[in-house]
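First the structure, in the form of structure tokens, and then the observations on it.
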Amino acid sequence: MFTLFVLPDTQSYCDLRLKWTRQHFRVPDQRDCLSQQMQWILENKDSLNGILVLHEGDFTQSNFDIEWQLGCEMFYRVERYIPYVLCIGNHDQGFESHPPEGISQYSNRRDSLIDEYFPPARFRRNPLYDYGGNFEGSSSNYFLFFQADGMDFMVITLEFMPRDEVIDWANEVVSTHSRCRCIVLTHGFLDVRGGGTSMPTNMP
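Mapping the sequence shown onto full-length UniProt numbering, position 74 (from 1) lands on 74, and the numbers just tick up by one.
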């Protein structure tokens with residue numbers, strides 16, 4: 001038995017610039033929630049045989065440096081003890097304060113700051129990682145390997161609403177490493193009818 005720790009959207013915990021969460025939900029500063037989650041993982045990883053932390057995207061509220069800095073600091077606390085995988089959500093892919101009518105503030109660009117704070121080199125140089133590779137030199141799409149209970153696994157992380165060329169790359173990676181059980185980590189790909197969503201008109 002082994003455990004994969006899964007963290008869903010943490011953007012409210014990192015909402016330090018716009019403070020949208022506090023304004024709309026009338027809650028106090030949430031950054032301590034992320035700190036407590038990291039501490040819980042550290043305290044329980046051995047008893048639960050924790051192998052990996054998976055973050056499902058929307059790491060930040062609005063892709064501002066101050067939000068990435070907080071998240072970076074929190075994950076720095078665990079990266080010497082357990083590897084983690086990040087994927088980017090719509091909140092992490094640029095922010096438009098005044099978007100065109102009908103277009104979300106959070107999902108109409110691909111300008112994520114993930115490579116500023118979690119560049120591929122950060123994972124490659126960590127001895128806990130069996131880093132596989134990435135698409136176009138970015139941490140927006142990458143893969144790594146791990147072993148657990150005598151089985152070989154691969155985690156491939158894909159950008160929000162992955163582009164067709166990213167899907168082609170991912171298919172090639174999965175085919176090349178067919179010996180591995182594959183976990184696909186992404187913030188948004190399937191639509192409500194179960195079909196794929198790729199390259200929407202408002203996201204180049």
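For each residue, glycine too, the CB sits at the ideal point set by N, CA and C. The model shown is predicted, which means the values in this text are computed figures rather than measured ones.
### Query
Hey, is proline 8's beta-carbon within less than 8 Å of any beta-carbon in chain D?
Judged by its chain identifiers, the structure shown contains no chain D, having just a single protein chain.
### Message
Only counting the same chain, and skipping five residues up and downstream in sequence, which positions put a Cβ closer than 8 Å to that of arginine 181?
### Response
Met151, Asp152, Phe153 and Met154
### Rounded straight-line distance, which links the Cα of serine 139 to that of valine 173
15 Å
#### Entry: Exposed unless 16 or more other CB atoms sit within 10 angstroms - verdict on glycine 89
buried
### Message
Beta-carbon within less than 7 Å of methionine 74's beta-carbon, same chain only, minus the 5 sequence neighbours each way: which residues are those?
### Response
Leu34, Ser35 and Met38
### Message
Tell me the residue span of the beta strand (DSSP E) that contains leucine 52.
### Response
50-55
### Task
From the DSSP output, in three-state form, read off methionine 1 for me.
coil
### Task
Take valine 6 and list the residues in its own chain whose beta-carbon comes closer than 7 Å to its own, dropping the five residues that flank it on each side.
Leu54 and Glu56
### Message
If you reduce the DSSP assignment to three classes, tell me which class leucine 7 lands in.
### Response
strand
### Message
Just to confirm my understanding: we take phenylalanine 64, look at its own chain, exclude 5 residues before and 5 after, and list those with CB closer than 6 Å. What are they?
### Response
Arg17
### Task
Taking only the alpha-carbon atoms, compute the straight-line gap between phenylalanine 2 and isoleucine 183 and give it to the nearest angstrom.
15 Å
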